[in-house]
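A.B. asks: Counted the way numbering that gives the first Met the number 0 counts, the sequence shown spans residues 0 to 320.
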Amino acid sequence: MPQSEQFGPTPDLTPQARHDAEVIQIGSHAEQIFNQSPDGYKDVFKDLEKLRKEDTPEQFAKDLEAINQRLHLDGWLPNMEIVMTPKGGFMLRRQSDSEWKQEAQQRQQQYNDRSYAAPAPAASPGGYNSGYSPSEGASGRGGYAPRQRYNPEQRGNPGNFRYNPRVSGDAAKRIMAAAHSDIGQPMWRETNHGASGAREGCAASVSSVLRQAGVSNVHEMECHRLQAALQQEGWTVSHTPSPGDVVFGYGGLSRAHVGIVGENGTAMDNHSSTGQWSSDSLSYFGRWNETVFLHPPQAKDQPDTPAPTPAAHTPAPAPAG
């Protein structure tokens with residue numbers, strides 16, 4: 000079924016969303032280039048030169064910092080960074096150990112000083128690398144196999160969270176029905192025409208599930224933007240997560256991840272290894288430096304309404320190999 004029929008009309012990308020998607024793609028392309036050849040930096044510089052011409056100087060400085068953070072954290076440029084030359088070109092500059100340690104400490108301190116209870120986060124602990132899940136969920140193997148359906152008997156581990164197993168309210172029931180029907184599907188494709196890509200599609204996937212459930216109209220591709228948008232819609236921070244809540248994990252520096260709390264101590268999220276909506280243990284989110292749970296507005300008092308009809312999805316890609 001076409002996306003417009005499934006979820007209603009999808010708005011065109013805003014200039015900011017288009018810009019953010021481009022920065023994400025440049026970071027992904029840079030990792031692919033460095034994976035193929037350590038000497039491929041000239042191709043990365045070409046991407047950056049194109050972005051520099053589109054950006055203001057202030058915005059480009061922020062974008063370049065975000066791309067450097069991503070390449071640092073993923074191990075592609077340890078103790079090195081991409082900098083501009085006095086003539087306006089680019090070069091790789093080696094950082095001293097003291098520079099690297101000082102920079103890492105500063106970024107970690109900035110993260111520690113953040114308050115996630117604010118209704119609209121002003122800055123992103125998730126940065127541009129907002130969909131990356133370093134451990135691929137609790138199993139490390141991408142959750143469900145391609146096209147496998149939801150298993151209501153699956154048990155997870157809630158970890159140390161004060162988990163409430165009750166599905167409370169109509170909104171939570173609708174979210175659970177939609178999330179279950181989406182297992183094994185590439186849900187990131189249904190938000191902003193798939194601009195996030197599979198590897199960084201966690202926020203886009205959660206946005207799609209919530210729209211399908213009829214409880215939100217978000218179209219976000221970054222964790223911090225998704226948190227802000229939901230809180231503006233009336234979602235509230237919860238310290239006792241229950242099925243249907245949205246869970247954010249902020250990992251310090253530039254990593255972040257988001258999913259939906261499920262039954263039996265589980266959580267459902269996008270896996271970057273498969274690009275599919277999958278099921279894990281909720282305890283996975285305990286691995287992040289900071290975890291935020293958002294509860295749907297009026298989840299306990301809304302009258303019961305029929306759960307959404309499972310949507311027709313874009314077929315999931317066949318497994319490699």
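Note that beta-carbon positions come from the ideal geometry of N, C-alpha and C, so glycine has one too.
#1: Going along the chain, which residues of its own chain have a beta-carbon closer than 6 Å to the beta-carbon of residue 203, five neighbours each way excluded?
#2: Taking residue 46 as the reference, give the member of 89, 241, 240 with the closest Cα.
#3: Based on the DSSP output, what are the partners of residue 275 in its beta bridges?
#4: Determine the closest residue to residue 291 out of 21, 236, 218, with distance taken between C-alpha atoms.
#5: Going by other Cβ atoms of all chains shown within 10 Å of its Cβ, with 16 needed for buried, is residue 80 buried or exposed?
#6: Considering only DSSP beta bridges, list what residue 91 is partnered with.
#7: So the candidates are 272, 87, 33; which of them puts its Cα closest to the Cα of residue 67?
#8: Report yes if the C-beta of residue 295 is less than 8 Å from at least one heavy atom of the ligand HEM; otherwise report no.
#9: If we ignore side chains and look at the alpha-carbon of each, how far apart do residue 161 and residue 241 end up?
#10: If I follow the unbroken beta strand (DSSP E) through residue 255, where does it start and stop?
#11: If you count every other CB in all the chains shown that lies within 10 Å of the CB of residue 49, and 16 or more means buried, which is it?
#12: Out of 41, 27, 70, 229, which one is the CA nearest neighbour of residue 206?
#13: List, from N- to C-terminal side, the beta strand (DSSP E) runs of 3 residues or more that fit wholly inside the stretch 205–250.
#14: Does the beta-carbon distance from residue 178 to residue 297 come in below 9 Å?
#15: Taking only the alpha-carbon atoms, compute the straight-line gap between residue 165 and residue 58 and give it to the nearest angstrom.
#16: Who are residue 322's beta bridge partners in DSSP?
#17: Using the DSSP secondary-structure output, state which residues sit across from residue 374 in a beta bridge.
#18: With 9 Å set as the bound, which would you pick, yes or no: does the beta-carbon of residue 279 sit closer than that to a beta-carbon of chain E?
#19: Hey, how far is the Cα of residue 157 from the Cα of residue 281?
#20: On the DSSP letters alone, give me the boundaries of the alpha helix (DSSP H) that residue 54 sits inside.
#21: Look at the alpha carbon of residue 266 and the alpha carbon of residue 193, and state the distance between them as a whole number of angstroms.
#22: Give me the residue from 213, 274, 259 with the minimum Cα distance to residue 185.
#23: How big is the Cα-Cα spacing for residue 30 and residue 225?
#24: Using three-state DSSP, classify residue 116 as helix, strand or coil.
#25: Let me confirm a value: residue 56 is counted as buried when at least 16 other C-beta atoms fall within 10 Å, else exposed. Which label applies?
C.D. replies: The relevant details are as follows:
#1: 187, 190, 195, 220
#2: 89
#3: 270
#4: 236
#5: buried
#6: 81
#7: 33
#8: Absence of the ligand HEM from the depicted structure is noted, as is the absence of any ligand whatsoever, leaving it without description.
#9: 9 Å
#10: 255–260
#11: exposed
#12: 229
#13: 235–237, 245–249
#14: no
#15: 45 Å
#16: Since the first and last residues shown for the chain are 0 and 320, residue 322 lies out of range.
#17: Residue 374 cannot be examined here, being either before or after the span of the chain that is shown, 0 to 320.
#18: Checking the listed chains, one finds no chain E in this structure; it contains a single protein chain.
#19: 5 Å
#20: Unbroken run through residue 54: none, as it is neither H nor E.
#21: 22 Å
#22: 274
#23: 25 Å
#24: With a pLDDT of 33 at residue 116, under the threshold of 50, the modelled position of this residue cannot be trusted, and the question is left open.
#25: exposed
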